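Student:
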Amino acid sequence: MVDLGFGKLATNVSSTLLRQTVAGVLQLITIAIIARVYGPAGNGAYAVVLLLPSMLTTFLNLGIGPANVYFLGSVQFSPREVLISCIKFTVILSVIGVAIGGSIIQLKSEVIFPGIEPLMLWLALASFPISLMQSFIISIFQGMQKFTEFNIILLATPLITLVVVSVLIVSGHTNLTTLIIAYIMGIIVTLLISIILLQKYLKVDDEKLGENYTKSAINYGYKAHLSNIMAFVNYKVDIFLVNFFLNPASAGVYVIAVQLSERLWMLSQAVSTVLLPRLSELSNDEEKRLQITPIITRIILYSTAFISIAFAVLIYPLIPLIFGVSYLDVYIPLLILLPGIVVTSASRILANDLASRGMPELNMYTSIVVVIINIIGNIVLIPMYGLIGAALATSLAYIINFILKLLMYRHVTAIPLLSLILIRKNELKRIVDFIKAIFRKAAV
231 MVDLGFGKLA TNVSSTLLRQ TVAGVLQLIT IAIIARVYGP AGNGAYAVVL LLPSMLTTFL
291 NLGIGPANVY FLGSVQFSPR EVLISCIKFT VILSVIGVAI GGSIIQLKSE VIFPGIEPLM
351 LWLALASFPI SLMQSFIISI FQGMQKFTEF NIILLATPLI TLVVVSVLIV SGHTNLTTLI
411 IAYIMGIIVT LLISIILLQK YLKVDDEKLG ENYTKSAINY GYKAHLSNIM AFVNYKVDIF
471 LVNFFLNPAS AGVYVIAVQL SERLWMLSQA VSTVLLPRLS ELSNDEEKRL QITPIITRII
531 LYSTAFISIA FAVLIYPLIP LIFGVSYLDV YIPLLILLPG IVVTSASRIL ANDLASRGMP
591 ELNMYTSIVV VIINIIGNIV LIPMYGLIGA ALATSLAYII NFILKLLMYR HVTAIPLLSL
651 ILIRKNELKR IVDFIKAIFR KAAV
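Numbering (the numbering used here), first residue to last: 231 to 674.
#1: Whole angstroms are fine: how far does the CA of Val600 sit from the CA of Ile630?
#2: Which complete alpha helix (DSSP H) runs does the region 473 to 558 hold, if anything under 4 residues is left out?
#3: Going by beta carbon distance, what residues of the same chain come within less than 6 Å of Leu439, once the five residues before and after it are set aside?
#4: Just the C-alpha distance for Met231 and Leu520, rounded to the nearest angstrom, thanks.
#5: State buried or exposed for Met363, treating a residue as buried only when at least 16 other CB atoms are found within 10 Å of its CB.
#6: Using three-state DSSP, classify Ile346 as helix, strand or coil.
#7: By a C-beta neighbour count over all protein chains shown, 10 Å radius and 16 as the cutoff for buried, is Ala481 buried or exposed?
#8: If Leu456 and Met638 are in contact, beta carbons under 8 Å, what's the gap, nearest whole angstrom?
#9: Inspect the beta-carbon positions of Pro309 and Ile370 and report whether they are closer than 8 Å.
#10: Roughly how many whole angstroms lie between the Cα atoms of Ser396 and Gln429?
#11: Nearest-angstrom Cα distance between Ala447 and Val305?
#12: Under three-state DSSP, which class holds Lys466?
#13: Have a look at Leu281 and Asn381 and give me their C-alpha separation to the nearest angstrom.
#14: From this set, Gln372, Gly332, Lys635, which residue's C-alpha is nearest Tyr431's C-alpha?
#15: Using a Cβ-Cβ cut-off of 7 Å (strictly less than) and excluding sequence neighbours within five positions of Ser491, which residues of its own chain qualify?
#16: Between the alpha carbons of Val504 and Tyr300, how many angstroms are there, rounded?
#17: To which residues of the same chain is Ala500 closer than 7 Å at the C-beta, ignoring the five residues directly before and after it?
#18: By the 10 Å Cβ neighbour count, where 16 or more other Cβ atoms means buried, how is Leu422 classified, buried or exposed?
#19: Buried or exposed: where does Ser401 fall if 16 or more other Cβ atoms within 10 Å of its Cβ makes it buried?
#20: Counting pairs of Cβ atoms below 8 Å between the region 405 to 418 and the region 342 to 354, do you hit three or more?
#21: So, using beta-carbon positions, are Ala621 and Asn604 closer together than 8 Å?
#22: Is Gly616 near the ligand FAD, judged by its Cβ being under 7 Å from some heavy atom?
#23: Quick check on the burial criterion: 16 or more other C-beta atoms within 10 angstroms. Buried or exposed for Thr378?
#24: Report the rounded CA-to-CA distance for Asn473 versus Ile317, giving the unit in angstroms.
#25: Between the region 334 to 350 and the region 386 to 396, are three or more C-beta pairs nearer than 8 Å?
#26: Give me, in chain order, the residues of the same chain whose beta-carbon lies closer than 8 Å to that of Leu558; leave out the 5 immediate sequence neighbours on both sides.
#27: Comparing alpha-carbon positions, which option in Leu384, Ser586, Gly554 lies nearest Lys453?
#28: Got a sec? Which residues, its chain only, sit under 8 Å from Ile368 by beta carbon, not counting five neighbours each side?
#29: Mapping the DSSP letters down to three states, classify Val325 as helix, strand or coil.
#30: Which value, in whole angstroms, describes the spacing of the CA atoms of Leu239 and Leu650?
#31: My guess is that Ala265 and Ile469 are in contact by the Cβ rule of under 8 Å, so how many angstroms apart are they, rounded?
#32: Can you tell which of Val341, Gly451, Asn442, Leu471 has the C-alpha that lies nearest to the C-alpha of Val610?
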(Lines of atoms letter the chains of each structure in order from A and count residues from 1; the text may use other names and numbers.)
(Lines give C-alpha, C1' and ligand atoms only; values in the text may rest on other atoms or scores of the structure.)
Protein backbone atom coordinates (compact mmCIF):
# COMPACT_ATOMS: atom_id res chain seq x y z
CA MET A 1 0.00 0.00 0.00
CA VAL A 2 1.41 3.38 -1.03
CA ASP A 3 2.19 5.74 1.85
CA LEU A 4 -0.05 8.74 1.20
CA GLY A 5 1.27 10.78 4.11
CA PHE A 6 -2.00 10.51 6.03
CA GLY A 7 -0.13 10.68 9.35
CA LYS A 8 1.13 14.22 8.76
CA LEU A 9 -2.15 15.15 7.11
CA ALA A 10 -4.13 13.90 10.11
CA THR A 11 -1.90 15.83 12.51
CA ASN A 12 -2.39 19.10 10.65
CA VAL A 13 -6.11 18.49 10.16
CA SER A 14 -6.61 17.68 13.85
CA SER A 15 -4.91 20.87 15.03
CA THR A 16 -6.88 22.91 12.51
CA LEU A 17 -10.15 21.18 13.45
CA LEU A 18 -9.49 21.77 17.14
CA ARG A 19 -8.89 25.46 16.45
CA GLN A 20 -12.04 25.66 14.35
CA THR A 21 -14.05 23.96 17.09
CA VAL A 22 -12.84 26.39 19.74
CA ALA A 23 -13.29 29.32 17.36
CA GLY A 24 -16.75 28.03 16.49
CA VAL A 25 -17.75 27.94 20.16
CA LEU A 26 -16.40 31.47 20.68
CA GLN A 27 -18.26 32.70 17.60
CA LEU A 28 -21.45 30.97 18.73
CA ILE A 29 -21.23 32.70 22.11
CA THR A 30 -20.64 36.04 20.39
CA ILE A 31 -23.54 35.44 17.99
CA ALA A 32 -25.83 34.50 20.89
CA ILE A 33 -24.88 37.61 22.87
CA ILE A 34 -25.45 39.87 19.87
CA ALA A 35 -28.73 38.15 19.00
CA ARG A 36 -30.10 38.52 22.53
CA VAL A 37 -28.87 42.05 23.26
CA TYR A 38 -29.55 43.62 19.86
CA GLY A 39 -32.48 41.53 18.65
CA PRO A 40 -33.13 40.41 15.05
CA ALA A 41 -32.99 43.95 13.63
CA GLY A 42 -29.67 44.83 15.27
CA ASN A 43 -28.15 41.44 14.47
CA GLY A 44 -29.23 41.76 10.85
CA ALA A 45 -27.88 45.30 10.56
CA TYR A 46 -24.51 44.20 11.98
CA ALA A 47 -24.26 41.31 9.50
CA VAL A 48 -25.20 43.56 6.58
CA VAL A 49 -22.75 46.32 7.60
CA LEU A 50 -19.84 43.86 7.62
CA LEU A 51 -20.75 42.78 4.09
CA LEU A 52 -19.09 45.99 2.83
CA PRO A 53 -15.50 45.24 3.97
CA SER A 54 -16.05 41.53 3.27
CA MET A 55 -17.12 42.26 -0.30
CA LEU A 56 -14.20 44.63 -0.87
CA THR A 57 -11.69 42.12 0.51
CA THR A 58 -13.15 39.39 -1.68
CA PHE A 59 -13.49 41.43 -4.85
CA LEU A 60 -10.09 43.17 -4.65
CA ASN A 61 -7.68 40.56 -3.27
CA LEU A 62 -6.73 39.43 -6.81
CA GLY A 63 -6.45 35.81 -5.64
CA ILE A 64 -3.09 36.55 -4.00
CA GLY A 65 -3.91 34.33 -1.00
CA PRO A 66 -4.45 31.17 -3.07
CA ALA A 67 -1.37 32.07 -5.12
CA ASN A 68 0.67 32.30 -1.90
CA VAL A 69 -0.50 28.84 -0.85
CA TYR A 70 0.20 27.31 -4.26
CA PHE A 71 3.69 28.78 -4.80
CA LEU A 72 4.89 28.31 -1.22
CA GLY A 73 3.44 24.80 -1.12
CA SER A 74 5.31 23.88 -4.29
CA VAL A 75 8.45 25.66 -2.94
CA GLN A 76 8.85 27.96 -5.94
CA PHE A 77 9.37 31.17 -3.93
CA SER A 78 10.55 32.17 -0.45
CA PRO A 79 8.29 33.57 2.29
CA ARG A 80 10.16 36.89 2.18
CA GLU A 81 9.58 37.32 -1.55
CA VAL A 82 5.92 36.57 -1.03
CA LEU A 83 5.56 38.99 1.91
CA ILE A 84 7.20 41.89 0.05
CA SER A 85 4.77 41.47 -2.82
CA CYS A 86 1.85 41.21 -0.39
CA ILE A 87 2.75 44.55 1.20
CA LYS A 88 2.81 46.20 -2.23
CA PHE A 89 -0.53 44.65 -3.13
CA THR A 90 -2.06 45.78 0.17
CA VAL A 91 -1.05 49.43 -0.26
CA ILE A 92 -2.33 49.68 -3.84
CA LEU A 93 -5.53 47.70 -3.30
CA SER A 94 -6.36 49.53 -0.07
CA VAL A 95 -6.38 52.89 -1.85
CA ILE A 96 -8.62 51.47 -4.57
CA GLY A 97 -10.91 49.72 -2.08
CA VAL A 98 -11.40 52.71 0.20
CA ALA A 99 -12.18 54.88 -2.83
CA ILE A 100 -14.76 52.39 -4.11
CA GLY A 101 -16.26 51.82 -0.67
CA GLY A 102 -16.45 55.53 0.04
CA SER A 103 -18.19 56.15 -3.27
CA ILE A 104 -20.74 53.43 -2.52
CA ILE A 105 -21.48 54.93 0.89
CA GLN A 106 -21.77 58.48 -0.42
CA LEU A 107 -23.83 57.76 -3.51
CA LYS A 108 -25.70 54.47 -3.14
CA SER A 109 -25.83 53.41 0.52
CA GLU A 110 -29.61 53.88 0.78
CA VAL A 111 -30.15 51.68 -2.27
CA ILE A 112 -27.56 48.95 -1.60
CA PHE A 113 -27.79 48.96 2.21
CA PRO A 114 -31.37 50.02 3.01
CA GLY A 115 -32.00 50.74 6.69
CA ILE A 116 -28.28 51.05 7.52
CA GLU A 117 -26.75 54.29 8.84
CA PRO A 118 -23.85 55.61 6.68
CA LEU A 119 -21.68 56.16 9.79
CA MET A 120 -21.74 52.43 10.49
CA LEU A 121 -20.62 51.72 6.93
CA TRP A 122 -17.73 54.19 7.22
CA LEU A 123 -16.55 52.47 10.40
CA ALA A 124 -16.76 49.07 8.73
CA LEU A 125 -14.84 50.39 5.71
CA ALA A 126 -11.90 51.26 7.99
CA SER A 127 -11.38 47.53 8.60
CA PHE A 128 -10.82 46.74 4.91
CA PRO A 129 -7.04 47.39 4.61
CA ILE A 130 -6.39 45.47 7.84
CA SER A 131 -8.49 42.50 6.74
CA LEU A 132 -6.80 42.46 3.34
CA MET A 133 -3.26 42.33 4.74
CA GLN A 134 -4.29 39.77 7.33
CA SER A 135 -5.73 37.49 4.65
CA PHE A 136 -2.44 37.66 2.73
CA ILE A 137 -0.27 36.88 5.77
CA ILE A 138 -2.39 33.95 6.95
CA SER A 139 -2.08 32.38 3.49
CA ILE A 140 1.72 32.51 3.84
CA PHE A 141 1.54 30.29 6.93
CA GLN A 142 -0.87 27.96 5.13
CA GLY A 143 1.45 27.68 2.12
CA MET A 144 4.44 26.88 4.36
CA GLN A 145 2.24 24.28 6.15
CA LYS A 146 2.99 25.99 9.48
CA PHE A 147 -0.36 25.10 10.98
CA THR A 148 0.52 25.78 14.61
CA GLU A 149 1.01 29.47 13.88
CA PHE A 150 -1.83 29.41 11.35
CA ASN A 151 -4.28 28.17 13.96
CA ILE A 152 -3.08 30.53 16.69
CA ILE A 153 -3.72 33.48 14.39
CA LEU A 154 -7.18 32.35 13.30
CA LEU A 155 -8.19 31.70 16.91
CA ALA A 156 -7.17 35.20 18.00
CA THR A 157 -9.87 37.14 16.13
CA PRO A 158 -12.99 35.43 17.58
CA LEU A 159 -11.44 35.38 21.06
CA ILE A 160 -10.58 39.08 21.06
CA THR A 161 -13.91 40.01 19.48
CA LEU A 162 -15.83 38.09 22.16
CA VAL A 163 -13.87 39.73 24.97
CA VAL A 164 -14.30 43.24 23.59
CA VAL A 165 -18.02 42.74 22.83
CA SER A 166 -18.61 41.42 26.35
CA VAL A 167 -16.72 44.28 28.00
CA LEU A 168 -18.53 46.93 25.97
CA ILE A 169 -21.97 45.45 26.64
CA VAL A 170 -21.33 45.02 30.37
CA SER A 171 -20.18 48.64 30.54
CA GLY A 172 -23.46 49.75 28.99
CA HIS A 173 -22.31 50.45 25.41
CA THR A 174 -24.97 48.60 23.43
CA ASN A 175 -25.22 50.42 20.12
CA LEU A 176 -24.12 49.08 16.75
CA THR A 177 -20.96 51.19 16.85
CA THR A 178 -19.60 49.11 19.74
CA LEU A 179 -19.93 45.90 17.73
CA ILE A 180 -18.02 47.33 14.78
CA ILE A 181 -15.30 48.69 17.08
CA ALA A 182 -14.98 45.25 18.68
CA TYR A 183 -14.62 43.66 15.24
CA ILE A 184 -11.93 46.16 14.19
CA MET A 185 -9.98 45.70 17.43
CA GLY A 186 -10.03 41.95 16.92
CA ILE A 187 -8.50 42.06 13.45
CA ILE A 188 -5.91 44.72 14.41
CA VAL A 189 -4.56 42.61 17.28
CA THR A 190 -4.63 39.51 15.07
CA LEU A 191 -2.59 41.27 12.39
CA LEU A 192 0.04 42.27 14.96
CA ILE A 193 0.27 38.68 16.20
CA SER A 194 0.63 37.45 12.61
CA ILE A 195 3.52 39.81 11.89
CA ILE A 196 5.35 38.76 15.05
CA LEU A 197 4.98 35.04 14.29
CA LEU A 198 6.05 35.45 10.66
CA GLN A 199 9.37 37.16 11.37
CA LYS A 200 11.34 33.98 12.11
CA TYR A 201 10.55 32.57 8.65
CA LEU A 202 11.94 35.53 6.71
CA LYS A 203 15.44 35.26 5.26
CA VAL A 204 17.17 38.65 5.24
CA ASP A 205 19.70 37.65 2.57
CA ASP A 206 17.03 37.10 -0.09
CA GLU A 207 17.66 39.87 -2.65
CA LYS A 208 14.92 39.15 -5.18
CA LEU A 209 12.57 41.57 -3.39
CA GLY A 210 9.47 39.90 -4.78
CA GLU A 211 9.52 41.27 -8.34
CA ASN A 212 9.40 37.86 -9.97
CA TYR A 213 6.80 36.66 -7.52
CA THR A 214 4.50 39.61 -8.16
CA LYS A 215 4.10 38.57 -11.80
CA SER A 216 3.63 34.89 -10.96
CA ALA A 217 1.10 35.68 -8.23
CA ILE A 218 -1.01 37.79 -10.58
CA ASN A 219 -0.89 35.18 -13.36
CA TYR A 220 -2.11 32.43 -11.02
CA GLY A 221 -4.14 34.62 -8.71
CA TYR A 222 -6.56 36.20 -11.15
CA LYS A 223 -7.88 32.75 -12.08
CA ALA A 224 -8.44 31.80 -8.45
CA HIS A 225 -9.71 35.31 -7.75
CA LEU A 226 -12.63 35.14 -10.14
CA SER A 227 -13.60 31.77 -8.70
CA ASN A 228 -13.43 33.10 -5.13
CA ILE A 229 -15.55 36.12 -6.06
CA MET A 230 -18.21 33.82 -7.43
CA ALA A 231 -18.00 31.62 -4.32
CA PHE A 232 -18.37 34.66 -2.06
CA VAL A 233 -21.40 35.89 -3.99
CA ASN A 234 -22.83 32.39 -3.85
CA TYR A 235 -22.42 32.27 -0.06
CA LYS A 236 -23.62 35.84 0.68
CA VAL A 237 -26.17 36.78 -1.98
CA ASP A 238 -29.04 35.23 -0.04
CA ILE A 239 -28.38 37.40 3.03
CA PHE A 240 -28.10 40.52 0.89
CA LEU A 241 -31.32 39.77 -1.01
CA VAL A 242 -33.26 38.88 2.15
CA ASN A 243 -32.37 42.32 3.52
CA PHE A 244 -33.23 43.90 0.15
CA PHE A 245 -36.62 42.23 -0.38
CA LEU A 246 -37.68 41.93 3.26
CA ASN A 247 -35.94 43.91 6.06
CA PRO A 248 -32.95 43.85 8.47
CA ALA A 249 -34.98 41.91 11.06
CA SER A 250 -35.63 39.10 8.56
CA ALA A 251 -31.96 39.18 7.59
CA GLY A 252 -31.11 38.89 11.29
CA VAL A 253 -33.16 35.70 11.59
CA TYR A 254 -31.89 34.24 8.32
CA VAL A 255 -28.24 34.97 9.09
CA ILE A 256 -28.54 32.81 12.22
CA ALA A 257 -29.72 29.90 10.06
CA VAL A 258 -26.76 30.44 7.75
CA GLN A 259 -24.23 30.77 10.56
CA LEU A 260 -25.50 27.66 12.32
CA SER A 261 -25.53 25.56 9.15
CA GLU A 262 -22.03 26.69 8.20
CA ARG A 263 -20.68 25.28 11.48
CA LEU A 264 -21.03 21.91 9.72
CA TRP A 265 -18.28 22.99 7.34
CA MET A 266 -15.65 22.94 10.07
CA LEU A 267 -14.33 19.48 9.18
CA SER A 268 -14.20 20.14 5.43
CA GLN A 269 -12.61 23.56 6.00
CA ALA A 270 -9.96 22.03 8.24
CA VAL A 271 -9.17 19.35 5.66
CA SER A 272 -9.20 21.83 2.75
CA THR A 273 -6.86 24.19 4.57
CA VAL A 274 -4.30 21.41 4.95
CA LEU A 275 -4.99 19.66 1.65
CA LEU A 276 -4.25 22.48 -0.82
CA PRO A 277 -0.56 22.96 0.10
CA ARG A 278 -0.17 19.17 0.45
CA LEU A 279 -1.56 18.50 -3.05
CA SER A 280 0.54 21.36 -4.45
CA GLU A 281 3.56 19.66 -2.90
CA LEU A 282 2.60 16.49 -4.83
CA SER A 283 2.58 18.23 -8.22
CA ASN A 284 5.10 15.66 -9.50
CA ASP A 285 3.42 12.62 -7.92
CA GLU A 286 0.10 12.12 -9.70
CA GLU A 287 -0.36 8.58 -8.36
CA LYS A 288 -0.58 9.76 -4.76
CA ARG A 289 -2.74 12.73 -5.64
CA LEU A 290 -5.25 10.52 -7.48
CA GLN A 291 -5.56 8.34 -4.38
CA ILE A 292 -5.72 11.08 -1.75
CA THR A 293 -8.45 13.28 -3.24
CA PRO A 294 -11.15 10.60 -3.80
CA ILE A 295 -10.61 9.09 -0.34
CA ILE A 296 -10.78 12.47 1.40
CA THR A 297 -13.85 13.46 -0.65
CA ARG A 298 -15.74 10.38 0.50
CA ILE A 299 -14.68 10.81 4.12
CA ILE A 300 -15.88 14.40 4.18
CA LEU A 301 -19.14 13.70 2.34
CA TYR A 302 -20.32 10.89 4.62
CA SER A 303 -18.98 12.40 7.84
CA THR A 304 -20.73 15.71 7.20
CA ALA A 305 -23.97 13.94 6.23
CA PHE A 306 -23.96 11.97 9.49
CA ILE A 307 -23.18 15.06 11.58
CA SER A 308 -25.89 17.09 9.82
CA ILE A 309 -28.58 14.52 10.67
CA ALA A 310 -27.62 14.59 14.34
CA PHE A 311 -27.41 18.39 14.20
CA ALA A 312 -30.92 18.70 12.73
CA VAL A 313 -32.37 16.61 15.56
CA LEU A 314 -30.52 18.31 18.41
CA ILE A 315 -30.57 21.98 17.39
CA TYR A 316 -34.33 22.67 17.53
CA PRO A 317 -34.72 22.91 21.34
CA LEU A 318 -31.44 24.83 21.58
CA ILE A 319 -32.43 27.69 19.25
CA PRO A 320 -34.79 29.49 21.69
CA LEU A 321 -32.50 28.61 24.58
CA ILE A 322 -29.42 30.16 22.98
CA PHE A 323 -30.83 32.94 20.82
CA GLY A 324 -34.30 33.62 22.28
CA VAL A 325 -37.87 32.85 21.18
CA SER A 326 -37.79 35.57 18.50
CA TYR A 327 -35.48 33.27 16.49
CA LEU A 328 -37.77 30.21 16.29
CA ASP A 329 -38.27 30.88 12.56
CA VAL A 330 -34.60 29.92 12.07
CA TYR A 331 -35.29 26.17 12.14
CA ILE A 332 -37.07 25.51 8.82
CA PRO A 333 -34.61 27.54 6.67
CA LEU A 334 -31.80 25.78 8.54
CA LEU A 335 -33.16 22.34 7.63
CA ILE A 336 -33.52 23.34 3.98
CA LEU A 337 -29.91 24.57 3.88
CA LEU A 338 -28.45 21.31 5.23
CA PRO A 339 -28.42 19.20 2.00
CA GLY A 340 -26.53 21.96 0.21
CA ILE A 341 -24.15 22.34 3.14
CA VAL A 342 -23.34 18.60 3.08
CA VAL A 343 -22.48 18.39 -0.62
CA THR A 344 -20.55 21.67 -0.53
CA SER A 345 -18.21 20.14 2.04
CA ALA A 346 -17.24 17.52 -0.56
CA SER A 347 -17.12 19.92 -3.51
CA ARG A 348 -14.61 22.02 -1.56
CA ILE A 349 -12.17 19.08 -1.59
CA LEU A 350 -12.49 18.69 -5.36
CA ALA A 351 -12.00 22.42 -5.85
CA ASN A 352 -8.74 22.31 -3.89
CA ASP A 353 -7.46 19.45 -6.04
CA LEU A 354 -8.14 21.42 -9.22
CA ALA A 355 -6.45 24.51 -7.76
CA SER A 356 -3.39 22.46 -6.75
CA ARG A 357 -2.98 21.46 -10.40
CA GLY A 358 -2.58 25.13 -11.36
CA MET A 359 -6.09 25.17 -12.86
CA PRO A 360 -8.16 27.38 -10.54
CA GLU A 361 -10.02 28.74 -13.57
CA LEU A 362 -11.98 25.46 -13.72
CA ASN A 363 -13.53 26.33 -10.37
CA MET A 364 -14.41 29.73 -11.79
CA TYR A 365 -16.38 28.24 -14.68
CA THR A 366 -18.60 26.20 -12.38
CA SER A 367 -18.96 29.08 -9.93
CA ILE A 368 -20.28 31.47 -12.58
CA VAL A 369 -23.06 29.06 -13.53
CA VAL A 370 -23.97 28.42 -9.90
CA VAL A 371 -24.03 32.11 -8.94
CA ILE A 372 -26.42 32.90 -11.80
CA ILE A 373 -28.72 30.10 -10.66
CA ASN A 374 -28.49 31.24 -7.03
CA ILE A 375 -29.27 34.90 -7.78
CA ILE A 376 -32.20 34.08 -10.05
CA GLY A 377 -33.52 31.56 -7.54
CA ASN A 378 -33.36 34.04 -4.66
CA ILE A 379 -34.96 36.85 -6.69
CA VAL A 380 -37.84 34.56 -7.66
CA LEU A 381 -38.34 32.66 -4.40
CA ILE A 382 -37.76 35.27 -1.66
CA PRO A 383 -40.76 37.45 -2.64
CA MET A 384 -42.89 34.28 -2.85
CA TYR A 385 -41.73 32.27 0.18
CA GLY A 386 -39.60 34.62 2.29
CA LEU A 387 -36.79 32.99 4.27
CA ILE A 388 -37.78 29.51 3.09
CA GLY A 389 -37.40 30.68 -0.51
CA ALA A 390 -33.91 32.01 0.19
CA ALA A 391 -32.89 28.71 1.76
CA LEU A 392 -34.35 26.69 -1.13
CA ALA A 393 -32.54 28.74 -3.77
CA THR A 394 -29.23 28.59 -1.91
CA SER A 395 -29.36 24.86 -1.17
CA LEU A 396 -30.23 24.09 -4.79
CA ALA A 397 -27.31 26.20 -5.99
CA TYR A 398 -24.93 24.33 -3.65
CA ILE A 399 -26.14 20.96 -4.97
CA ILE A 400 -25.67 22.03 -8.59
CA ASN A 401 -22.18 23.25 -7.69
CA PHE A 402 -21.30 19.80 -6.35
CA ILE A 403 -22.57 18.07 -9.49
CA LEU A 404 -20.54 20.40 -11.72
CA LYS A 405 -17.42 19.89 -9.60
CA LEU A 406 -17.80 16.11 -9.94
CA LEU A 407 -18.06 16.40 -13.71
CA MET A 408 -15.10 18.78 -13.91
CA TYR A 409 -12.90 16.53 -11.77
CA ARG A 410 -13.80 13.50 -13.88
CA HIS A 411 -12.93 15.47 -17.03
CA VAL A 412 -9.46 16.31 -15.66
CA THR A 413 -8.55 12.97 -14.07
CA ALA A 414 -10.73 10.43 -15.96
CA ILE A 415 -11.70 8.94 -12.59
CA PRO A 416 -15.24 7.43 -12.61
CA LEU A 417 -17.84 9.47 -10.73
CA LEU A 418 -18.89 6.56 -8.51
CA SER A 419 -15.35 6.21 -7.18
CA LEU A 420 -15.73 9.69 -5.68
CA ILE A 421 -18.94 8.75 -3.89
CA LEU A 422 -18.86 5.02 -3.07
CA ILE A 423 -16.49 3.69 -0.40
CA ARG A 424 -14.50 0.60 -1.34
CA LYS A 425 -14.04 -2.32 1.04
CA ASN A 426 -10.27 -2.37 0.69
CA GLU A 427 -9.92 1.22 1.89
CA LEU A 428 -12.27 1.07 4.87
CA LYS A 429 -9.40 0.46 7.30
CA ARG A 430 -7.41 3.38 5.89
CA ILE A 431 -10.42 5.69 6.19
CA VAL A 432 -11.21 4.59 9.75
CA ASP A 433 -7.56 4.96 10.76
CA PHE A 434 -7.43 8.46 9.26
CA ILE A 435 -10.57 9.60 11.09
CA LYS A 436 -9.34 8.07 14.36
CA ALA A 437 -5.98 9.79 13.94
CA ILE A 438 -7.65 13.17 13.47
CA PHE A 439 -9.70 12.97 16.66
CA ARG A 440 -6.98 11.20 18.67
CA LYS A 441 -4.43 13.89 17.87
CA ALA A 442 -7.01 16.63 18.51
CA ALA A 443 -7.65 15.20 21.96
CA VAL A 444 -3.97 15.13 22.91
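Even glycine gets a Cβ: it sits at the ideal position worked out from N, Cα and C. Since this is a predicted model, take the numbers as computed values, not measurements.
Tutor: In brief:
#1: Ile630 and Val600 have their C-alpha atoms roughly 7 Å apart.
#2: 478 to 492, 496 to 511, 516 to 545, 548 to 553
#3: For Leu439, the pLDDT reaches just 49, beneath the cut-off of 50, and the residue's location in the model is therefore unreliable, leaving the point undetermined.
#4: Because the pLDDT at Met231 is just 45, under 50, the model does not fix this residue reliably, and the point stays unresolved.
#5: buried
#6: Coil.
#7: buried
#8: The pair is not a contact, with the Cβ atoms about 15 Å apart (cut-off 8 Å).
#9: yes
#10: Straight-line Cα distance between these residues: approximately 32 Å.
#11: 14 Å
#12: DSSP, reduced to helix, strand and coil, places Lys466 within a helical segment of the structure shown.
#13: Rounded to whole angstroms, Leu281 and Asn381 show a C-alpha spacing of 24 Å.
#14: Gln372
#15: Leu564, Leu567, Leu568, Ile571
#16: 12 Å
#17: Val243, Thr246, Leu247, Gln250
#18: exposed
#19: exposed
#20: yes
#21: no
#22: Here there are no bound small molecules, and the ligand FAD is not part of this structure.
#23: Exposed.
#24: If you take the alpha carbons of Asn473 and Ile317, they lie about 35 Å apart.
#25: no
#26: Ile549, Pro550
#27: Ser586
#28: Gly295, Phe380, Ile383, Leu384, Ser424
#29: For Val325, the secondary structure class from DSSP, reduced to helix, strand or coil, is helix.
#30: Between Leu239 and Leu650, the C-alpha separation is close to 19 Å.
#31: No, Ala265 and Ile469 are not in contact; Cβ-Cβ is about 15 Å, not under 8 Å.
#32: Nearest of Val341, Gly451, Asn442, Leu471 to Val610, Cα basis: Leu471.
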